[in-house]
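K.L.:
In this note's numbering, the protein residues as written are 1189 to 1366. We treat Cβ as the ideally placed atom computed from N, Cα and C, and that holds for glycine. The model shown is predicted, which means the values in this text are computed figures rather than measured ones.
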């Protein structure tokens, strides 16, 4: 089965847009106790603020992409070229749910000459946010996810916990550590 066949067999992805709130990236901040950076999103009316934890790598990519001066490079440029060759584009990123210490999103794709999204990809937010920013996607959040995100912000981060088991790294008992 060819890639084109896979894309053509995708069906319409239904999303109730009335249940979603559009948000836009506002800025990047260090997380609680400097454990994970967070990307701040604000609703279009500026009444709601959400913090989405990112990996340090995705946060760095987001910052590098946001400057837009010179010949900025992005690791997502190739993936966007592939989508362009397949005649698909990123329509929007839906902030969907929180599971443990991770936020999950759906990245919705549509054919270039269509009004209908035909594909969605589930991903962790810290693996998809900078890609969606580079693609110029809109961001939405489900109303159910807002309360979960607020709870995540108040929850102690897993990095704040002491390690459960020591592997000898602290005392350099492992011969290949300097």
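Distance check for residue 1324 and residue 1224, CA to CA, integer angstroms please.
P.N.:
Near 24 Å, if we compare the C-alpha coordinates of residue 1324 and residue 1224.
K.L.:
Taking the alpha-carbon of residue 1338 as reference, which of 1298, 1318 and 1290 has the nearest alpha-carbon?
P.N.:
Taking only the C-alpha atoms, the option nearest residue 1338 is 1290.
K.L.:
Quick check on this structure: which residue in 1219, 1232, 1233 and 1246 has the alpha carbon closest to the alpha carbon of residue 1320?
P.N.:
Considering only alpha carbons, the answer is 1246.
K.L.:
Considering just the uninterrupted stretch of the beta strand (DSSP E) at residue 1210, what are its terminal residues?
P.N.:
Counting along the chain, the beta strand (DSSP E) containing residue 1210 begins and ends at 1208 to 1217.
K.L.:
Let me check one thing: in DSSP terms, what residues is residue 1291 bridge-paired to?
P.N.:
The partner list for residue 1291 (beta bridge, DSSP) reads 1286.
K.L.:
Can you say whether residue 1322 is buried or exposed, counting buried as having 16 or more other CB atoms within 10 angstroms of its CB?
P.N.:
Buried, by the Cβ-count rule.
K.L.:
Out of curiosity, what's the CA-to-CA distance linking residue 1198 and residue 1235?
P.N.:
Because residue 1198 sits at a pLDDT of 49, beneath the cut-off of 50, its placement in the model cannot be relied upon, and the point is left open.
K.L.:
Within 10 Å of its beta-carbon, does residue 1302 have 16 or more other beta-carbons around it, so buried, or fewer, so exposed?
P.N.:
The residue in question, residue 1302, is exposed, as its Cβ has fewer than 16 Cβ neighbours within 10 Å.
K.L.:
Applying the 10 Å Cβ sphere with the 16-neighbour rule, what's the burial state of residue 1261?
P.N.:
Counting Cβ neighbours within 10 Å, residue 1261 comes out exposed, since fewer than 16 surround it.
K.L.:
Using only alpha-carbon positions, find the residue among 1340, 1252, 1286 and 1231 that is nearest to residue 1311.
P.N.:
It is 1286 whose Cα lies nearest to the Cα of residue 1311.
K.L.:
For residue 1309, tell me which candidate among 1298, 1294 and 1240 has the shortest Cα-Cα distance.
P.N.:
Per the Cα distances, 1294.
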